[in-house]
Amino acid sequence: MARIAVSELEDFMQRVLLRCEIDEASTEAVTRALVTASRMGTDSHGLRLLPHYVQAVKGGRVKRRPTLTFTRRLAATGYLDADDGFGHLAGYRAIEHAIELAETAGIGAVAVGNSSHFGAAGCYALAAARRGYIGLSLCNADALVSLHQGQTPFHGTNPIAFAAPVPDSLPYLLDMATSSIPWNRVKQYRAIGRTLPPNVVVDAHGELTTDAQRAASLLPLGGADFGFKGAGLAGMVDVLSATLTGMIHGFRMLPMTGEDMSTPRGVGHFFLVMHPGAFSDRATYERSMRAYLEDLRAQPALAGRQVLAPGDREWRCQARRDAEGIPLDSANLAAYRQLAETLELPSPMLV
Numbered sequence: 001m002a003r004i005a006v007s008e009l010e011d012f013m014q015r016v017l018l019r020c021e022i023d024e025a026s027t028e029a030v031t032r033a034l035v036t037a038s039r040m041g042t043d044s045h046g047l048r049l050l051p052h053y054v055q056a057v058k059g060g061r062v063k064r065r066p067t068l069t070f071t072r073r074l075a076a077t078g079y080l081d082a083d084d085g086f087g088h089l090a091g092y093r094a095i096e097h098a099i100e101l102a103e104t105a106g107i108g109a110v111a112v113g114n115s116s117h118f119g120a121a122g123c124y125a126l127a128a129a130r131r132g133y134i135g136l137s138l139c140n141a142d143a144l145v146s147l148h149q150g151q152t153p154f155h156g157t158n159p160i161a162f163a164a165p166v167p168d169s170l171p172y173l174l175d176m177a178t179s180s181i182p183w184n185r186v187k188q189y190r191a192i193g194r195t196l197p198p199n200v201v202v203d204a205h206g207e208l209t210t211d212a213q214r215a216a217s218l219l220p221l222g223g224a225d226f227g228f229k230g231a232g233l234a235g236m237v238d239v240l241s242a243t244l245t246g247m248i249h250g251f252r253m254l255p256m257t258g259e260d261m262s263t264p265r266g267v268g269h270f271f272l273v274m275h276p277g278a279f280s281d282r283a284t285y286e287r288s289m290r291a292y293l294e295d296l297r298a299q300p301a302l303a304g305r306q307v308l309a310p311g312d313r314e315w316r317c318q319a320r321r322d323a324e325g326i327p328l329d330s331a332n333l334a335a336y337r338q339l340a341e342t343l344e345l346p347s348p349m350l351v
């Protein structure tokens, strides 16, 4: 397993994107989101996506130089038209607008339309938390997940991310899909011939299977018995991300990795930002947040285990990767070297 320093990964991504004539704002946003995800250990939504994004730009699916347009609708709401640009730029821009709304109204909600894949949803909730606000980010996606007791895919993995500031500490961060497992897990298990856990995927007939080669659809969070919970959450994400913005829902959306790289997918996002001092006062919030996390982490754990708060695992991974470098497996290393060769750039330096 090769490793690459965070600064070198940032530099290589920026050189690749700028060589593809992507504007500086989009380049900065994509790099920021992908590196943030990989630092926290979510490589499936981090460094692995760079070659795909280059392909999407070259095919015309994503605009190199979009003109984003924000319209304030009411005191605490707005709509951002992403102009078929990168979802990462739309996400960070929407969070900034939502923060501005929350500064005066105490709460700010921004719906985004005409966007594209934005990587890890946690990046945008985290951006709010790092500014001292509570953040929520949602995004719909193409169909990979069956409905509860359904036979074929209908919802996307439709992520939900929530982040809250913690005084004198790293933020509380929940970033989860509404499916039982990620689709990337299925692909990984196919590649290595490993059996999947029970109750997480179904075959083309809607029957449970643990064979990764037969997996045709993910089950929603809760599995075969309680999947109505995950399906309901996925539906909520689609309503807020697609219905509010007039975008198509995941069932009708073009697949992210399909053959058509020229047609924009019309992805929708939804972002909510809350000012902690708008409900009681910031001192009360900070005192309560600290007490909650102290109690949570002090709970007894199973033998050899440890109780963690959402985000604890990610922050540990980030500290380790900042010190040791971010791992690049053989497939990603080959893809990066191929990018460098195709674009006539120096290959990334490894640690």
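Our numbering numbers the first residue of the sequence shown as 1 and each following residue consecutively. Note that CB positions come from ideal geometry on N, CA and C, so glycine has one too.
| Item | Value |
| --- | --- |
| Taking the alpha-carbon of residue 125 as reference, which of 74, 342, 273 and 214 has the nearest alpha-carbon? | 273 |
| Skipping 5 residues on each side, what residues in its chain have a beta carbon closer than 6 Å to that of residue 94? | 80, 110, 112 and 271 |
| Could you please give me the residues that DSSP links to residue 220 through a beta bridge? | 179 |
| Measure from the alpha carbon of residue 185 to the alpha carbon of each residue in 36, 43 and 225, then state which is nearest. | 43 |
| Would the segment 300-307 and the segment 162-182 be scored as touching if the rule is three or more Cβ pairs under 8 Å? | no |
| Should residue 205 be labelled buried (16 or more other beta-carbon atoms within 10 Å of its own) or exposed? | exposed |
| Give me whichever residues DSSP pairs with residue 323 in a beta bridge. | Residue 323 pairs with nothing; no bridge assigned. |
| Could you tell me which of 28, 296, 8 and 13 sits nearest to residue 355, measuring between CA atoms? | This structure does not reach residue 355, given that the chain is present from 1 up to 351, and the question cannot be answered. |
| Just the Cα atoms here: how many angstroms apart are residue 36 and residue 5? | 13 Å |
| In its own chain, which residues sit with a C-beta less than 6 Å from the C-beta of residue 137, not counting the 5 before and 5 after it? | 121, 124, 125, 161 and 271 |
| Would you mind working out which of 77, 51, 89 and 50 sits nearest residue 68, comparing C-alpha positions? | 89 |
| Please classify residue 272: does DSSP put it in a helix, a strand, or coil? | strand |
| Can residue 141 and residue 135 be called in contact, C-beta distance under 8 Å? | no |
| Whose CA, out of 100, 246, 321 and 250, lies closest to the CA of residue 154? | 250 |
| Could you check the C-alpha separation between residue 296 and residue 327 for me, to the nearest Å? | 31 Å |
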